Amino acid sequence: MTTTLHLCPPPQRQRGMSLIVVLLLLVIVSMLGAASMQIANMGEHGARNDRDMQLAFQSAEAAIIDAEIDIGGETVEGGRTKLFKAGKISFPSSGCKAGGLCALETNEKKKPTWLNAEHVNFVNGTGTASFGDFTNRDYQNAGGTSAGVQPVQKPRYIIENVTDLSAVRSGMVTAVYSSALPEDQTATGEQLYRVTAMGFGPRSSTQSVLQTLYRN
471 MTTTLHLCPP PQRQRGMSLI VVLLLLVIVS MLGAASMQIA NMGEHGARND
521 RDMQLAFQSA EAAIIDAEID IGGETVEGGR TKLFKAGKIS FPSSGCKAGG
571 LCALETNEKK KPTWLNAEHV NFVNGTGTAS FGDFTNRDYQ NAGGTSAGVQ
621 PVQKPRYIIE NVTDLSAVRS GMVTAVYSSA LPEDQTATGE QLYRVTAMGF
671 GPRSSTQSVL QTLYRN
């Protein structure tokens, strides 16, 4: 009787290639996930910054409207519309005084007054006017704790009398200045005012500045 022996080949040595491939795939997937999270985070920051800037812009617009009502709106208790309309508003000879009334800087080598006005670290009663100071209007929830994102503080504005600027007859104000009203001299006839307003977002560092001309 003949017996046939079947010899089996020796077992192959394990090299672990599958494990390496799986680990590489996990690393790639992890990197893609981290990149996606960063992109989503950047998008969220961008959207939030845009929202904050829009809030500051709308706040500055509200201050511009409030200043226009201050100058030429309906007379309210504690307001000064009558004084503006009668030409009895007195502007300082330099800088700004209480109520946001500012002198027109006539030296073209110096910065305009509105660039030096303090809208953020202001002292109450000096320098700039706050929304509603002379119109009795309320800026809802500014700096409050109500639901939703609110400005950190009320918008503020200044007013300059630019009637005597040499280039305003066409409606434009240029860097070429002629003369300003002397201190304590009141205006007569039709006047042209430059209003500069600053609005704020949820943080005081988020600011928007708008400027307009108002003829009274």
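Residue 651 in the working numbering is what sits at position 181 of the sequence shown, and the numbering runs on without skipping anything. In this text, a Cβ means the ideal position worked out from N, Cα and C, and glycines have one as well. None of the values given here were measured: they were computed from a predicted structure.
Given residue i as reference, the closest of the options once Cα atoms are compared
i, options, result
"E630", "Q524, R673, Q508 and W584", "W584"
"P562", "L683, I628, D522 and P672", "I628"
"G549", "V492, N519, A599 and M523", "A599"
"S529", "R685, L680 and R664", "L680"
"V665", "N606, G542, L553 and G513", "G542"
"H589", "T545, Q623, P672 and T551", "Q623"
Beta-bridge pairing of residue i - partner residues as DSSP gives them
i, result
"Y627", "A599 and A667"
"Y684", "Y663"
"K567", "L571"
Alpha-carbon spacing of residue i relative to residue j, whole angstroms
i, j, result
"Q610", "K567", "26 Å"
"S488", "I498", "15 Å"
"A698", "L494", "The structure shown has nothing for residue 698, since the chain only spans 471 to 686."
"A537", "N686", "12 Å"
"E531", "A556", "26 Å"
"S564", "R521", "37 Å"
"F670", "D634", "31 Å"
"N577", "G597", "20 Å"
Residue i, enclosing alpha helix (DSSP H) - first and last residue
i, result
"R673", "Premise fails: R673 is in no alpha helix (DSSP H) and is neither H nor E."
"L574", "Careful: L574 lies outside any alpha helix (DSSP H) and carries neither H nor E."
"T545", "Neither: T545 is in no alpha helix (DSSP H) and is coded neither H nor E."
"K552", "T551 to K555"
"N586", "T583 to N586"
Min CB distance residue i to chain B below 8 Å
i, result
"T605", "Looking at the structure shown, chain B is missing, and only one protein chain is on hand."
Original post:
Between the segment 489-503 and the segment 561-573, do three or more beta carbon pairs fall short of 8 Å?
Top reply: no
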